[in-house]
Amino acid sequence: MKILDLRLLRTIKESKGQYIAILVVLTIGILIYTSLNISSINLKDSLYTYYDTGNFADYFIELMNTDETVINNIMALEQVSQANGRHVLEAPLITNDENERVTVRVISLPENEDRINNLELIEGRLPLKGSAEVAVLEQLAVARNINIGDSLIFQAHGQQIELAVVSLVASPEFVYLIESEQTFMPNPENYGVVYLDEGFMSRQYGLGSNYNNIVLTLEDNYKNHDMKKLLEDVLKYTGVMRITERSEQISNRMVHEEINGLEKASNSIPLIFLAVAAIILGVMLKRIVENDRIAIGILKSMGYSNKEVLFHYMKYAISIGIIGGIIGLIIGYALSGMMTSMYVDFFNIPLLTVNIYYEYIALSMILSVIFCVLAGLYGAIKIIKIHPAESMRPQAPMVGKRTILEKLPKFWSSLSFSWKNVLRNILRSKSRVIFIILGISLTYAVLLFSVYINDVFDEMFNLHFGEFMSMEYEINFSQPLNMNQIDYFEELADIDLIEPKNEFPFEFIKGRENYVINIIGLEENTNVYNFRDLSYMQMKVPSTGIIVSENLARKFDLQLGDYIEVSSFIPERDNVLLEVKGVTKQLFGINAYMNIEFMNEVLLDGEMMTGIYVNSKDNIVSKFKHLPVVSSILSNQELREVFEEFTGLIILSIGMMVVFGGILGFVIIYTATNMSISERIMEFSSLRVMGFRKKEIFALIKKENYVLTVLGILLGIPLGKAFIQSLDIMFSNELYTLSINASIMSYILAAFLTILFIYIAQFATRRRIEKLEFLEALKNRMV
Amino acid sequence: MSSVLKINGLSKEYLMGEVKVNALRDASFEIGSGEFVVILGPSGSGKSTLLNIIGGMDEPTSGEVFFSGSKISNYSQKDLTDYRRYQVGFVFQFYNLMANLTARENVELATEIARDPLNIDEVFTLVGLDERKDHFPSQLSGGEQQRVAIARAVCKNPELLLCDEPTGALDYDTGKKILSLLRDINSSLKKTVLVITHNAAIGKMADRVIRMRSGEIIENYLNEKPLSPEEIEW
Numbered sequence: 000m001k002i003l004d005l006r007l008l009r010t011i012k013e014s015k016g017q018y019i020a021i022l023v024v025l026t027i028g029i030l031i032y033t034s035l036n037i038s039s040i041n042l043k044d045s046l047y048t049y050y051d052t053g054n055f056a057d058y059f060i061e062l063m064n065t066d067e068t069v070i071n072n073i074m075a076l077e078q079v080s081q082a083n084g085r086h087v088l089e090a091p092l093i094t095n096d097e098n099e100r101v102t103v104r105v106i107s108l109p110e111n112e113d114r115i116n117n118l119e120l121i122e123g124r125l126p127l128k129g130s131a132e133v134a135v136l137e138q139l140a141v142a143r144n145i146n147i148g149d150s151l152i153f154q155a156h157g158q159q160i161e162l163a164v165v166s167l168v169a170s171p172e173f174v175y176l177i178e179s180e181q182t183f184m185p186n187p188e189n190y191g192v193v194y195l196d197e198g199f200m201s202r203q204y205g206l207g208s209n210y211n212n213i214v215l216t217l218e219d220n221y222k223n224h225d226m227k228k229l230l231e232d233v234l235k236y237t238g239v240m241r242i243t244e245r246s247e248q249i250s251n252r253m254v255h256e257e258i259n260g261l262e263k264a265s266n267s268i269p270l271i272f273l274a275v276a277a278i279i280l281g282v283m284l285k286r287i288v289e290n291d292r293i294a295i296g297i298l299k300s301m302g303y304s305n306k307e308v309l310f311h312y313m314k315y316a317i318s319i320g321i322i323g324g325i326i327g328l329i330i331g332y333a334l335s336g337m338m339t340s341m342y343v344d345f346f347n348i349p350l351l352t353v354n355i356y357y358e359y360i361a362l363s364m365i366l367s368v369i370f371c372v373l374a375g376l377y378g379a380i381k382i383i384k385i386h387p388a389e390s391m392r393p394q395a396p397m398v399g400k401r402t403i404l405e406k407l408p409k410f411w412s413s414l415s416f417s418w419k420n421v422l423r424n425i426l427r428s429k430s431r432v433i434f435i436i437l438g439i440s441l442t443y444a445v446l447l448f449s450v451y452i453n454d455v456f457d458e459m460f461n462l463h464f465g466e467f468m469s470m471e472y473e474i475n476f477s478q479p480l481n482m483n484q485i486d487y488f489e490e491l492a493d494i495d496l497i498e499p500k501n502e503f504p505f506e507f508i509k510g511r512e513n514y515v516i517n518i519i520g521l522e523e524n525t526n527v528y529n530f531r532d533l534s535y536m537q538m539k540v541p542s543t544g545i546i547v548s549e550n551l552a553r554k555f556d557l558q559l560g561d562y563i564e565v566s567s568f569i570p571e572r573d574n575v576l577l578e579v580k581g582v583t584k585q586l587f588g589i590n591a592y593m594n595i596e597f598m599n600e601v602l603l604d605g606e607m608m609t610g611i612y613v614n615s616k617d618n619i620v621s622k623f624k625h626l627p628v629v630s631s632i633l634s635n636q637e638l639r640e641v642f643e644e645f646t647g648l649i650i651l652s653i654g655m656m657v658v659f660g661g662i663l664g665f666v667i668i669y670t671a672t673n674m675s676i677s678e679r680i681m682e683f684s685s686l687r688v689m690g691f692r693k694k695e696i697f698a699l700i701k702k703e704n705y706v707l708t709v710l711g712i713l714l715g716i717p718l719g720k721a722f723i724q725s726l727d728i729m730f731s732n733e734l735y736t737l738s739i740n741a742s743i744m745s746y747i748l749a750a751f752l753t754i755l756f757i758y759i760a761q762f763a764t765r766r767r768i769e770k771l772e773f774l775e776a777l778k779n780r781m782v
Numbered sequence: 110m111s112s113v114l115k116i117n118g119l120s121k122e123y124l125m126g127e128v129k130v131n132a133l134r135d136a137s138f139e140i141g142s143g144e145f146v147v148i149l150g151p152s153g154s155g156k157s158t159l160l161n162i163i164g165g166m167d168e169p170t171s172g173e174v175f176f177s178g179s180k181i182s183n184y185s186q187k188d189l190t191d192y193r194r195y196q197v198g199f200v201f202q203f204y205n206l207m208a209n210l211t212a213r214e215n216v217e218l219a220t221e222i223a224r225d226p227l228n229i230d231e232v233f234t235l236v237g238l239d240e241r242k243d244h245f246p247s248q249l250s251g252g253e254q255q256r257v258a259i260a261r262a263v264c265k266n267p268e269l270l271l272c273d274e275p276t277g278a279l280d281y282d283t284g285k286k287i288l289s290l291l292r293d294i295n296s297s298l299k300k301t302v303l304v305i306t307h308n309a310a311i312g313k314m315a316d317r318v319i320r321m322r323s324g325e326i327i328e329n330y331l332n333e334k335p336l337s338p339e340e341i342e343w
């Protein structure tokens, strides 16, 4: 080994605490970068492989009813590769618990082998032709402990049927299984999917080939072709309710939201860590170079070139880049494997694809080394300017100027010696102070962000299902009923409040943009929805026009008074222009709201309702679930419980973020305090000679850190707010809007955590003062 | 005796704040190969500036410096680095050893980049530190550290050994031992040794004495009978 390299190794050993600290931050950056990127690629690969093998549909069509001729017309389109008609209905599953409601979506299995959204057999065999057998989606089976050989009873079209479970299956269509866009969270115990043989199902319910659902795949060269218009033409007289392309299909979208989230996070969070590591490294190297001025002069006087000396110090940084890169890659890869298997489990993808991506290995290493090289150059570039002859002369003492506080004699004279020393030191070493304050503010911001994330979903849920929607039950009918039938339901139980609702998908059109949105019709004086405009002012349902959710307004760039074109699914009905009368805050889902009477008048026929909202202390589930007309009952309470389970899952990632944020704070304070002690070793030694105790010297450092901590936290508040806002901008989408302010408790908790991590870091530097050999320091002339 | 170093009309000016300082004014002299030269002068007389220019660590404002016939005052930075690497060895007043390298490693640091280095063990024998090679500087006395510094400068096998107040930080006895060592190196290894000092007594052991004052050379003479270091006193 070259002697210079040996010297470098010993230098690293002497400052191993700081070296490891920077290494840890850099490693975290690289491991987050690697694990998130690789996880998202693995997840994408697993998903697409599954979609390919499962022949996942490119289009999903919901309609009133259709027959084989229409299916054949669709098949005749040159862009279409395959089309399947399906019977789909929602029905309550009969369980032993009277108070429990379980809704299943019943889907018919076409008889041909080559099915779209083909089922992956987890266990058992598919239902035989014409037999009363059922294949159960794995999520439902696992959640309810349904096994092959069990029998299921459910009720549809006024009749109860009993079916034998013959298989557990997975489907590319229900990778993420949720009841509707509004429910947001999977709740497999109360909502699932079962598959029946098509022949059996159509005979049982007298459906014939009147399909209400079509799925189709496109030819490879038309995969990204927009087929909506074409399909609408073919399906003109069939009462098309919704044409959903694959990218909008709810399960597929939820997975893609997660993939997008991973990608966005993998491109932003690691940058914070890499930048912090690079800044600390740069600053630290700069200090090392300044302290090594004479050694650098000696090396140059011996005939070492600028390049050789520069590279000697750069190796300090590059070694961190390489070691951090390798460790980060290894842990990141291991973590990505764990994350991917967690994801495929969570999303019910039966195939797990884990590959080694050499380009990411290279990219991570390049990223790691580039950050360190830049930091190294920043820190060490001054070496070139060090003149060997000048470097041997002792440096002129720093120019001691009066600080601004000293110009306030009354204030200044009221301070103790130690406070004078602390404040003077803060005001004189500006760059170090700025570095620490920025570091603490970043730590605070990361911690606030983590604490906020922990709160936000909880808060969002409370707001959405407590304030925005306050109904206790939402009961949906299997077919629309006349509004005057509401009295019938009112008498079925002891009901505090009952309101009719209409919910149908409509296509919204503005210019070239179009999107299918559920419009919900409500009573003008509804008590179950609490609309608030963007300035949180209460709004009523207008007698005409429409209220749109904030994300819908954003999607179509809608302002109050604008008109939006709405296309009805009812055959031969003209499109309607509706005036935007309000934009409402809505945290989950994307919707529009109308007065139910106005909706019936302009978009539907007669006095229809598709469901009711109910508030009641009575046992609504047991009293309503047997009604033939009821297809599903959603309870607000149940949604909350599901949500609480889900938040349990995210605690782990929040915990990791807090630890990472804490490491940032620790490293910043630890390295900065160490640097400060190194620089002030003469000063501290002189104080020791004068009789100061080690404790008193350490108190000076502590006081300085306390002042900087307060300033850092104050600056961290707006920075944390900016982080939270960027979360809203980056992650809000049509499914949820993350626009919640952090609570006061979040701010306080983040401050407490910041102080805790700083205290730990400070404690770790105490040893330096304990070990201070002040006499040695005062007489030393070694380099 | 052939000339190894020739200085011709050498001047150096620099700015200290707003004040122009003439550190060196029109200095000219010549040194023969293998000479033991002592440059004498009080602080601020320009001797360190002269040494730095001769050693290729600083550049003159005007004038010429020739080393073995080559004009080093025209050298590029790269050439100056090579010149320091192959032709010159420095010994400083405060030894300036690398604290985290042993005595031997400090010397190896220099030999690693030398073209034709001397045998390290032989040089350690020469400087009398056979038993202390593996000690770190903090485990050595001032005199021992200076011996390591001399070994570091000599081991590269340079033509010219430049010593800046080599005894300045040492006590009387140790200082004399260091001077003996430098004299030994000069005679046994045939190296040209240039010592700058404010201690006039050291001039008595030199082959050539150059006296400086206020940046000017006021005297340059050959000693007819140089004394041995043991004979001189201060």
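Chains as they are written, first to last, in the numbering used here: chain A, 0 to 782; chain B, 110 to 343.
All residues carry an ideal CB built from backbone N, CA and C; glycine is no exception.
Through-space distance from residue j to residue i, alpha-carbon basis
{"i": "Asn-146/A", "j": "Tyr-210/A", "result": "30 angstroms"}
{"i": "His-156/A", "j": "Arg-104/A", "result": "13 angstroms"}
{"i": "Asn-36/A", "j": "Asn-161/B", "result": "56 angstroms"}
{"i": "Leu-8/A", "j": "Ile-249/A", "result": "56 angstroms"}
{"i": "Phe-786/A", "j": "Thr-442/A", "result": "Because chain A spans 0 through 782 in this model, residue 786/A falls outside it and cannot be assessed."}
{"i": "Arg-317/B", "j": "Lys-334/B", "result": "10 angstroms"}
{"i": "Gln-783/A", "j": "Ile-619/A", "result": "The first residue shown for chain A is 0 and the last is 782, placing residue 783/A beyond what the model contains."}
{"i": "Leu-710/A", "j": "Phe-467/A", "result": "39 angstroms"}
{"i": "Asn-186/A", "j": "Leu-176/A", "result": "8 angstroms"}
{"i": "Met-538/A", "j": "Phe-587/A", "result": "18 angstroms"}
{"i": "Glu-289/A", "j": "Val-666/A", "result": "21 angstroms"}
{"i": "Met-283/A", "j": "Ile-27/A", "result": "19 angstroms"}
Cutoff 9 angstroms: residue i Cβ touching any chain D Cβ
{"i": "Met-184/A", "result": "You won't find chain D in this structure, because its protein chains are A and B."}
Per-residue burial, residue i [other beta carbons within 10 Å of its own, 16 or more giving buried]
{"i": "Ala-721/A", "result": "exposed"}
{"i": "Asp-291/A", "result": "buried"}
{"i": "Gly-126/B", "result": "exposed"}
{"i": "Asn-481/A", "result": "exposed"}
{"i": "Pro-408/A", "result": "exposed"}
{"i": "Ala-136/B", "result": "buried"}
{"i": "Phe-751/A", "result": "exposed"}
Same chain only: Cβ atoms within 6 angstroms of residue i, ignoring 5 sequence neighbours per side
{"i": "Pro-275/B", "result": "Val-200 and Ile-287"}
{"i": "Asn-594/A", "result": "Glu-523, Val-540 and Ser-542"}
{"i": "Glu-217/B", "result": "none"}
Under 7 angstroms by beta carbon: chain A residues contacting residue i
{"i": "Asn-161/B", "result": "Ala-388"}
{"i": "Phe-199/B", "result": "Ser-300"}
{"i": "Met-166/B", "result": "Ser-300, Pro-387 and Ala-388"}
Contact set between residue i and chain B, taken where Cβ atoms lie within less than 8 angstroms
{"i": "Tyr-303/A", "result": "Thr-190, Arg-194 and Ile-222"}
{"i": "Ile-380/A", "result": "Going along chain B, no residue has its Cβ under 8 angstroms from Ile-380/A, so there is no contact; the nearest lies around 16 angstroms."}
Proximal residues to residue i (C-beta, below 7 angstroms), its chain only, five neighbours per side dropped
{"i": "Glu-703/A", "result": "Val-421, Asn-424 and Ile-425"}
{"i": "Ser-811/A", "result": "Past the edges of chain A, shown from 0 to 782, lies residue 811/A, and the structure says nothing about it."}
Contact list for residue i against chain B, beta-carbon separation under 9 angstroms
{"i": "Arg-6/A", "result": "Met-207, Asn-209, Leu-210, Glu-214 and Leu-218"}
Taking only runs that begin and end inside the region 90 to 160 of chain A, name each unbroken beta strand (DSSP E) of 3 or more residues, in chain order. For the region 90 to 160 of chain A, whole beta strand (DSSP E) runs of length 3 or above, ordered along the chain, are 102 to 108, 119 to 123, 132 to 136 and 150 to 155.
Which whole runs of the alpha helix (DSSP H) in the region 479 to 563 of chain A are 4 residues long or more, in chain order? 485 to 489 and 549 to 555
Quick check for students: name the residue ranges of the alpha helix (DSSP H) that lie wholly in the region 613 to 693 of chain A, counting only runs of 4 or more. Annotation: the region 613 to 693 of chain A contains the following complete segments of the alpha helix (DSSP H) (minimum length 4 residues), in chain order: 619 to 623, 635 to 678 and 680 to 688.
Please list the segments of the alpha helix (DSSP H) lying wholly inside the region 148 to 200 of chain B, counting only runs of 4 or more residues, in order along the chain. 156 to 163 and 186 to 195
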